[in-house]
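Under the UniProt record's numbering, the sequence shown has 79 at position 79, and the numbering climbs by one with no breaks.
Using N, Cα and C, we set each Cβ at its ideal position, and we do this for glycine too.
Inspection log for the structure reproduced underneath, given as structure tokens.
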Amino acid sequence: MMDKKDFDEYFTDESLSASQLERLQLTRKLVNDLYPEVQERVAYNMPGFYPKLATKSNQQLFLVQAQKNWLGIYGTDGLEPEDFTTFIRQGVEVGKGSLRVPYDLNEEKFKSLLQFVMKHNFIRHGIELMHDKGKFSGNDKPQKTL
């Protein structure tokens, strides 16, 4: 059984490779840039990002986990592979409720992917996009009817 880790420990874990740590740290930075009010919590032995107004443990924006060859993003329930066509062309693999993101996906595409998943989960959980930076406004909301 794994020892429970504090949230920050996932981003400084010396057992991970440099590329794994860099991608985890970039993920955290991008999420905080996109949604400064994000709540950071550990769930299912993974670091997770939650809306400020989340009241349940399953209302995450997503969970993340470093794997050997890819970064796992969990919490994409309700989205279909065709929703990720642009990202699939960049090497992202889609599973049931999860994504496998190659470590070499460029930062701009990665940010766009995170933003897409986060918006979808705000909508899916019925939580308003409440923050003052406006990075979730505009016409780039997920088009899928939920």
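* Asked: Thinking C-beta only, is LEU99 closer than 9 Å to THR27?
  -> Taking the first residue of the sequence shown as 1, we reach residue 27 at position 27. Taking the first residue of the sequence shown as 1, we reach residue 99 at position 99. For THR27 and LEU99, no; Cβs fall outside 9 Å.
* Measure the beta-carbon distance from LEU71 to ARG23 and round it to whole angstroms, keeping in mind my assumption that it falls under 8 Å. => As a first step, residue 71 is located in the sequence shown; it is residue number 71 there, counting from the start. As a first step, residue 23 is located in the sequence shown; it is residue number 23 there, counting from the start. At roughly 5 Å, the Cβ-Cβ gap stays under 8 Å, so LEU71 and ARG23 are in contact.
* To do: Could you tell me which of LYS96, VAL117, LYS109, GLN20 sits nearest to ARG89, measuring between CA atoms?
  => The count along the sequence shown starts at 1 and reaches residue 89 at position 89. Minimum Cα distance to ARG89 is reached at LYS109.
* To do: Specify the secondary structure class of LEU34 as computed by DSSP and reduced to three states.
  => The count along the sequence shown starts at 1 and reaches residue 34 at position 34. Helix at LEU34.
* Could you give the DSSP three-state label for GLY134: helix, strand or coil? => In the sequence shown, the residue the question calls residue 134 occupies position 134. For GLY134, the predicted structure reports a pLDDT of 47, less than 50, and the residue's modelled location is therefore unreliable. The matter cannot be settled from this model.
* Asked: First and last residue of the alpha helix (DSSP H) that includes GLU108?
  -> Position 108 of the sequence shown, counted from the first residue, corresponds to residue 108. Note, GLU108: alpha helix (DSSP H), 107-124.
* Asked: How is GLN65 classed by DSSP in three states: helix, strand or coil?
  -> Within the sequence shown, numbered from 1, the residue matching residue 65 stands at position 65. Three-state result, GLN65: strand.
* Asked: In or out: PHE7 buried (at least 16 other Cβ within 10 Å) or exposed?
  -> The residue labelled residue 7 in the question sits at position 7 within the sequence shown. Per the 10 Å Cβ criterion, exposed.
* Name the one or two DSSP bridge partners that TYR50 has. => Looking up residue 50 in the sequence shown gives position 50. TYR50 pairs with GLN39.
* Per the contact definition of three or more C-beta pairs closer than 8 Å, is the region 116-130 in contact with the region 48-68? -> yes
* Beta-ladder partner(s) of LYS94, from DSSP -> Residue mapping note: residue 94 aligns to position 94 of the sequence shown, counting from 1. What sits at residue 94 in the sequence shown is Val, not Lys. For VAL94, which the question treats as bridged, DSSP gives the partners LEU99.
* Which word fits GLN143, buried or exposed, when buried means at least 16 other C-beta atoms lie within 10 angstroms of its C-beta? -> The sequence position of residue 143 within the sequence shown is 143, counting from 1. Bear in mind that a pLDDT of 42 at GLN143, under 50, signals an unreliable position, so the model cannot answer this.
* Which listed residue (GLU9, ASP104, VAL38, PHE87) has its alpha carbon closest to that of GLU128 -> Taking the first residue of the sequence shown as position 1, residue 128 is located at position 128. Looking at the Cα atoms, VAL38 is the closest of the given residues.
* Asked: Just the Cα atoms here: how many angstroms apart are VAL92 and GLN20?
  -> Locating residue 92 in the sequence shown gives position 92, counting from the first residue. Locating residue 20 in the sequence shown gives position 20, counting from the first residue. VAL92 and GLN20: Cα-Cα distance of roughly 16 Å.
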